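**Student:** 72 is the number of the first residue of the sequence shown in this note's numbering; add one for each residue after it. Glycine included, each C-beta is placed from N, C-alpha and C at the ideal position. Since we're looking at a predicted model, the values are computed, not measured.
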Amino acid sequence: MEPQAARAKAEVTAATAAGRGTKAKVYFASVKMKRMQGEHTYPIKMLKALDLAGLAGVVAGKRVAVKVHLGEGTNFSTIHPGLVRMVVQKIKEAGGRPFVVHSWGALDGYERGYTAETVGCPVLPSGGTLEKYAYPHAVDEPNLREVYVSGEIEDAEALVVLSHVKGHGNTGMGATLKNIGIGLVTGRSRGAIHRLIATVPYWDREKCLSGQPCRACFDACPVDAVHWSGQNKDELHIDVHSCTYCGKCEEACPRDALDLKPDEMFRAFQRGMAHAARAVLSTFAPENVLFVNFILHVTPWCDCFPFTMPAFIRDVGVLVSRDPVAIDQAALDLIAREELLLDMIPGQFVVGEEGHPFQRVLGRAKNPYVQVEEAEKVGIGSREYELLDVEEIDVQAAAAEAEAQVTG
């Protein structure tokens, strides 16, 4: 067996062992530096984490889709193009043929520095320029019967998902699971998943319009999430992305026309997203996927917003894993240890005193752990993990042990 092929096989064996009766391995490259030397910086430690997680075995000899959110407008909170390039180069060195993908937003990614020249490989819209390049997959969910997986994803041979960890109004946190379940399906499926929240009714039209519109709920909302919608502007709509489920609109309504069910509404989205992620991952062999979470410049809202937001916790580091559920669970647990940077939180947010940092900013009902619960239920990973600081691991010894498992 050729040395590179043997090494790749050893790394596959070592990295997939986590799914066979043991906890999933999540490798951690902390931003903290033991010394002022390059080897102690998180980008270099990230490369070590990629080796330990078995990147070479994932990508060798394959067409590799590298999923990255490229941002919108003047949102420069996304993963730095230089970091993307480092991962791309690592894939090339292992014999993979990478290409970066995003949704139709890939078309203007150059405005934020993402080009073939800067990242080192082609940058493509994953579902084509009109998002019509896709494959349907049946989904076992009453209100979501099918999703359309982006064509460049289904036709790839391996998948590396690079996710900027941040807050999200519909999921609590946006990271690996959202980057897969929302980011790797086409627009029609993204819309269908977002509409799952509306399958839980919260407005009684007859009660509300039984008298003159009073706007009591509008005035009571501290985050301006209530507005009229519909063709005739006669349908009350609550923007659940902005809504914190504080209940003040319900309390203010003189006709008892509002009945928010935050647990049902919030979980409906997570459940749909989990099923979509399962459909995406079903197109790859388990040994041909790898996930990277960048817990850097963590913002309150997602990268779809066309403006740059301040980080509201300190930078933490980079996680690498072969398990999409474990890596998001680990990200949530690491962020849970952090204190809020209160003076960095935009004024419209009503900061709570209890719960996970994401809940304190986005609303207590938006429990970010719901998404990992739902993803575990559909069988795409485990919440049980072992966090391994890469600075404490000897890469050569780990590789030798992995190769011994293959040859022995």
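Closer than 8 Å by C-beta to Pro193: which residues in its own chain qualify, once you throw out the five before and the five after it? Chain order, please.
**Tutor:** Hits under 8 Å: Phe170, Val171, Ala187.
**Student:** So the candidates are His308, Lys133, Glu182; which of them puts its Cα closest to the Cα of Ile224?
**Tutor:** When only C-alpha atoms are compared, the closest one is Lys133.
**Student:** Please list the segments of the beta strand (DSSP E) lying wholly inside the region 327-378, counting only runs of 3 or more residues, in order along the chain.
**Tutor:** Listed in chain order, they are 360-366.
**Student:** Within the region 128-184, note down every full beta strand (DSSP E) run reaching 3 residues or more, in order along the chain.
**Tutor:** Entirely contained in the region 128-184, the beta strand (DSSP E) runs reaching 3 residues are, in chain order, 134-138, 168-173.
**Student:** For Tyr316, which of Ala397, Val432, Val218, Glu212 has the nearest alpha-carbon?
**Tutor:** Comparing Cα-Cα distances from Tyr316 to each of Ala397, Val432, Val218, Glu212, the minimum goes to Val432.
**Student:** Does the beta-carbon of Gln442 have 16 or more other beta-carbons within 10 angstroms, so that it is buried, or is it exposed?
**Tutor:** Gln442 should be labelled buried.
**Student:** Within 10 Å of its beta-carbon, does Gln430 have 16 or more other beta-carbons around it, so buried, or fewer, so exposed?
**Tutor:** Buried, since its Cβ has 16 or more Cβ neighbours within 10 Å.
**Student:** Where do the ends of the alpha helix (DSSP H) carrying Val443 lie?
**Tutor:** Run containing Val443: 441-448, per the alpha helix (DSSP H) assignment.
**Student:** For Gly258 and Arg276, what's the separation of their Cα atoms in angstroms?
**Tutor:** Straight-line Cα distance between these residues: approximately 29 Å.
**Student:** Quick check: what's the CA-CA separation for Phe369 versus Ser453?
**Tutor:** The sequence given here places Val at residue 369; Phe does not occur at that position. Roughly 24 Å separates the two Cα atoms.
**Student:** From the DSSP output, in three-state form, read off Pro325 for me.
**Tutor:** In this structure, Pro325 counts as coil in the three-state DSSP scheme.
**Student:** In angstroms with no decimal places, state the Cα-to-Cα distance between Gly153 and His298.
**Tutor:** One C-alpha to the other measures close to 41 Å.
**Student:** Report the three-state DSSP secondary structure of Gly426 (helix, strand or coil).
**Tutor:** If DSSP states are grouped into helix, strand and coil, Gly426 belongs with coil.
**Student:** Grouping DSSP H, G and I as helix and E and B as strand, with all else coil, what is Val231?
**Tutor:** Three-state result, Val231: strand.
**Student:** In the region 181-250, which residue ranges form an unbroken beta strand (DSSP E) of at least 3 residues, counting only runs that do not cross its ends?
**Tutor:** Runs found: 194-196, 205-209, 217-221, 229-235, 237-239, 243-245.
**Student:** If you pair each beta-carbon of the region 398-416 with each one of the region 289-303, do three or more pairs fall below 8 Å?
**Tutor:** No, they do not touch.
**Student:** Quick one: what's got a C-beta closer than 6 Å to Cys292's C-beta in the same chain, skipping five residues either side?
**Tutor:** Here the set comprises Cys320.
**Student:** Is DSSP giving Phe420 helix, strand or coil here?
**Tutor:** It is coil, neither helix nor strand.
**Student:** Measure the alpha-carbon distance for Arg336 versus Thr112 and round it to whole angstroms.
**Tutor:** Just to set this straight, residue 336 is Met in the shown sequence, not Arg. Distance between the alpha carbons of Met336 and Thr112: 41 Å.
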